[in-house]
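In full-length UniProt numbering, the protein residues as written are 1 to 124.
Working notes, structure below.
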Ligand SMILES: [Zn+2]
Ligand SMILES: [Zn+2]
């Protein structure tokens, strides 16, 4: 005979006493009133629901942040300029300047071919 389940609580099937949650290393719960032994597996569904809550929320947030970063990168190709692609010979490419931290190293220009999407860079 298995316990009566009401919401998230389990009640002893022989005397109706509210049963405690099982300890981590126990495979059954003993009724305080009549010593009925309820298998811990009766709590499985209840425990899964309780445990999944703290993890579900932060992972949803992380997923959202990842999507936003990806969208930003895709929409930031640069300016369309006349530049010959070394890969396919197309005469249009997107250029993007990037100032390096040290002034001595000058500016690196990143190009992305408008035709074949090949990427290369030129140091000024
Ligand atoms: Zn009982
Ligand atoms: Zn190309």
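All C-beta atoms in this analysis are idealised placements derived from N, C-alpha and C, irrespective of residue type, glycine included.
Out of curiosity, what's the CA-to-CA distance linking residue i and residue j?
| i | j | result |
| --- | --- | --- |
| residue 120 | residue 96 | 11 Å |
| residue 116 | residue 88 | 7 Å |
| residue 42 | residue 32 | 17 Å |
| residue 72 | residue 108 | Note that residue 72 scores a pLDDT of 46, beneath 50, so its modelled location is shaky and nothing firm can be said. |
| residue 25 | residue 4 | 23 Å |
| residue 12 | residue 1 | 9 Å |
In the DSSP assignment, find the beta strand (DSSP E) that holds residue i and state where it starts and stops.
| i | result |
| --- | --- |
| residue 39 | 37-39 |
| residue 111 | 107-113 |
| residue 118 | Counting along the chain, residue 118 falls outside any beta strand (DSSP E), and DSSP gives it neither H nor E. |
| residue 28 | 28-30 |
| residue 9 | 9-11 |
Residues in the same chain with beta-carbon distance under 8 Å from residue i, minus the five sequence neighbours each way, listed in chain order, please.
| i | result |
| --- | --- |
| residue 118 | 85, 86, 87, 88, 112 |
Exposed or buried, which one is residue i when buried takes at least 16 other CB atoms within 10 Å?
| i | result |
| --- | --- |
| residue 83 | buried |
| residue 10 | buried |
| residue 15 | exposed |
| residue 34 | exposed |
| residue 51 | Low confidence applies to residue 51: its pLDDT is 48, below 50, so where it sits in the model is not reliable, and the reading given next is rough at best. Classification of residue 51: exposed, given that the 10 Å Cβ count is below 16. |
For residue i, which residues of its own chain have a beta-carbon under 7 Å away from its beta-carbon, when the five flanking residues on both sides are left out?
| i | result |
| --- | --- |
| residue 29 | 19, 20, 22, 38, 40 |
| residue 114 | 80, 90, 92, 93, 94 |
| residue 27 | 39, 40 |
Whose C-beta lies closer than 6 Å to the C-beta of residue i among residues of the same chain, with five residues either side of it excluded?
| i | result |
| --- | --- |
| residue 124 | 106, 107 |
| residue 122 | 109 |
Residue i bridges to which residues according to DSSP?
| i | result |
| --- | --- |
| residue 92 | 82 |
| residue 20 | Answer by DSSP bridge pairing: none, since residue 20 is not bridged. |
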